[in-house]
Amino acid sequence: MGIQAEHEIHARRRSRNVGLGLVLVCFVALVFALTVVKVRQGGLIEGFDHQPRVSLTPLEDAPQEVTP
Amino acid sequence: MADINAYEHTPEAQFGDYVALLKPRVMSLVVFTAFVGLWVAPGSVHPFIGFCSVLFIALGGGASGALNMWYDRDIDAIMTRTQSRPIPSGRVEPSEALGVGIVLSVISVMMLGLVANWFAAGFLAFTIFFYAVVYTVWLKRWTPQNIVIGGAAGAFPPMIGWACVTGGISIESLLMFALVFFWTPPHFWALALFMKEDYHNAGVPMLTVTHGRRSARRHIFAYTLVLAPFAIWLGLTSVGGPLYMAVAVVLNAMFIHGGWKILKRQEEQAIADGYSVEKRVFKLSLIYLFVHFFALLVQGWMGGW
């Protein structure tokens with residue numbers, strides 16, 4: 003019997019391999035879509051780049067925290 | 056001659072066998088009731104978040120099914136109904152089923168936590184634990200009330216769906232739980248009356264055998280009486296409405312009537328006509344649950360009171 007690149011066991015396990023492959027591809031697609039949805043729901047997100055910026059400075063007339 | 060065809064005679068597990076481990080038919084009930092729970096809950100979720108929530112609740116339910124098949128493989132091998140399942144038929148190794156069950160449990164709980172919220176995820180984890188450990192390992196082989204307590208596992212999905220949106224529990228979700236919970240015993244005992252005593256022979260105590268068929272008939276009727284007020288009460292909450300109420304009144308009257316007919320029958324009569332009444336009540340019980348949840352769905356879409 004010659005050495006075959008495709009053993010008969012590969013044929014027998016094809017449904018498992020193809021099935022699992024599809025499940026994994028679907029899972030990746032699902033996590034990606036979920037990320038898009040979640041990020042869009044997050045509202046405006048501003049990256050911090052270590053530069054002073056008006057939107058980051060506290061309000062002047064913000065009530066001071068009173069400590070007892 | 057030593058060759059590489061050592062696997063020749065072991066039946067090869069196909070992809071479908073792993074799907075069968077997840078009990079797709081039970082999953083369909085989980086999908087439906089969880090979806091209704093999510094749909095009727097106050098507030099809104101993004102449709103894709105809702106889809107993913109139901110998907111992972113169903114996956115968690117499937118994972119507990121695989122754990123159940125792993126633990127019950129000895130019983131499944133005895134009963135004719137379950138002999139063709141993946142493990143007793145030798146296509147899937149018990150350890151594989153255990154692995155699939157545990158891995159999918161973890162994935163489904165983690166993903167539900169990330170998709171919806173961690174309360175719903177904890178609830179799903181509890182449900183899996185309840186079905187796989189409390190029901191399958193502790194109660195199923197120990198008490199003929201196994202169906203009553205095990206029914207709780209099947210009753211959690213609408214509560215989890217509700218929790219995905221609201222992040223908590225409320226009277227509506229508790230009443231949806233009660234609807235499935237009190238429905239389960241009459242549903243299964245009606246089935247047990249006309250089924251062979253397979254289960255009992257396999258070592259699972261069944262009410263029809265341990266306490267007799269007379270007692271099972273009384274139990275069925277009693278549970279239809281207990282069930283009705285909860286079904287009606289659900290109609291008075293924020294998820295109810297005229298349509299649900301009309302449906303609930305009719306179906307509960309029919310179910311109680313069916314329970315009454317089962318109670319009044321003698322075993323000889325039942326044998327004589329091939330358990331026709333019991334079979335009809337069993338079919339009615341399937342319609343009962345489906346239509347109740349479907350009415351909630353439509354009512355949620357129409358708006359309630």
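Just so you know, the protein sequences line up as chains P and W, in that order.
First residue of the first sequence: 3, per this note's numbering; consecutive thereafter.
First residue of the second sequence: 56, per this note's numbering; consecutive thereafter.
Note that CB positions come from ideal geometry on N, CA and C, so glycine has one too.
Give every residue of the same chain whose Cβ lies closer than 8 Å to the Cβ of residue 195 of chain W, excluding the five residues on either side of it in the sequence, and list them in chain order.
-> Position 140 of the second sequence, counting from 1, holds the residue named residue 195 of chain W. Cβ-Cβ distances below 8 Å link residue 195 of chain W to 127, 201, 205, 259 in the same chain, with the five nearest sequence neighbours on each side left out; the list follows chain order.
Which of helix, strand or coil does DSSP assign to residue 119 of chain W?
-> Within the second sequence, the letter at position 64 stands for residue 119 of chain W. The answer is helix: DSSP assigns residue 119 of chain W an H, G or I state.
For residue 172 of chain W, which three-state DSSP category applies?
-> Counted from its first residue, the second sequence places residue 172 of chain W at position 117. In this structure, residue 172 of chain W counts as coil in the three-state DSSP scheme.
Measure the CB-CB distance between residue 77 of chain W and residue 141 of chain W and report whether it falls below 7 Å.
-> Counted from its first residue, the second sequence places residue 77 of chain W at position 22. Counted from its first residue, the second sequence places residue 141 of chain W at position 86. In this structure, the beta-carbon distance from residue 77 of chain W to residue 141 of chain W does not fall below 7 Å.
Candidates W:95, W:137, W:275, W:279: closest to residue 213 of chain W by CA position | On the second sequence, position 158 is the one that residue 213 of chain W refers to. W:95 is the residue among W:95, W:137, W:275, W:279 whose C-alpha sits nearest the C-alpha of residue 213 of chain W.
Short check: CB of residue 74 of chain W to CB of residue 113 of chain W, under 7 Å?
-> The residue labelled residue 74 of chain W in the question sits at position 19 within the second sequence. The residue labelled residue 113 of chain W in the question sits at position 58 within the second sequence. No.
Presumed contact (8 Å Cβ cut-off) between residue 17 of chain W and residue 93 of chain W, rounded CB distance | Residue numbering for chain W in the displayed model covers 56 to 360; residue 17 of chain W lies beyond these limits and cannot be assessed.
Using DSSP with H/G/I as helix, E/B as strand and the rest coil, what is residue 108 of chain W?
-> Position 53 of the second sequence holds residue 108 of chain W. DSSP places residue 108 of chain W in helix when its eight states are reduced to three.
So, does the CB of residue 21 of chain P fall closer than 7 Å to a CB anywhere in chain W?
-> Indexing the first sequence from 1 puts residue 21 of chain P at position 19. Closer than 7 Å to the CB of residue 21 of chain P there is at least one CB belonging to chain W.
Note down, in chain order, every chain W residue with its Cβ under 8 Å from the Cβ of residue 26 of chain P.
-> For the purposes of this step, residue 26 of chain P is taken as residue 24 along the first sequence, with counting starting at 1. The contacting residues do not exist; residue 26 of chain P stays about 12 Å from chain W at best.
Using three-state DSSP, classify residue 124 of chain W as helix, strand or coil.
-> Taking the second sequence and counting its residues from 1, the one referred to as residue 124 of chain W is at position 69. For residue 124 of chain W, the secondary structure class from DSSP, reduced to helix, strand or coil, is helix.
In chain order, each beta strand (DSSP E) run of at least 3 residues that lies wholly inside the segment 29-59 of chain P | Within the segment 29-59 of chain P, no complete beta strand (DSSP E) run reaches 3 residues.
When the Cα atoms are used, what is the spatial distance from residue 290 of chain W to residue 156 of chain W?
-> One-based indexing of the second sequence puts residue 290 of chain W at position 235. One-based indexing of the second sequence puts residue 156 of chain W at position 101. The alpha-carbon atoms of residue 290 of chain W and residue 156 of chain W are separated by roughly 37 Å.
Cα-Cα separation between residue 357 of chain W and residue 343 of chain W, rounded to whole angstroms | As a first step, residue 357 of chain W must be located in the second sequence, where it is residue number 302. As a first step, residue 343 of chain W must be located in the second sequence, where it is residue number 288. One C-alpha to the other measures close to 21 Å.
Label residue 139 of chain W either buried or exposed according to how many other C-beta atoms from any shown protein chain fall within 10 Å of its C-beta, with 16 as the threshold for buried.
-> Counting from one through the second sequence, the residue named residue 139 of chain W turns up at place 84. So residue 139 of chain W counts as exposed.
With respect to the alpha helix (DSSP H) encompassing residue 267 of chain W, which residues constitute its N-terminal and C-terminal limits?
-> Counting from one through the second sequence, the residue named residue 267 of chain W turns up at place 212. 267-291 is the span of the alpha helix (DSSP H), which, as asked, contains residue 267 of chain W.
Between which two residues does the alpha helix (DSSP H) carrying residue 12 of chain P extend?
-> For the purposes of this step, residue 12 of chain P is taken as residue 10 along the first sequence, with counting starting at 1. Segment 10-14, the alpha helix (DSSP H) holding residue 12 of chain P.
Residue 101 of chain W - DSSP class collapsed to helix/strand/coil | Residue numbering aside, residue 101 of chain W sits at position 46 when the second sequence is read from its first letter. When DSSP states are grouped into helix, strand and coil, residue 101 of chain W belongs to the coil group.
Beta carbon proximity, residue 72 of chain P to chain W, threshold 7 Å | Here chain P has residues from 3 to 70 only, and residue 72 of chain P is not among them.
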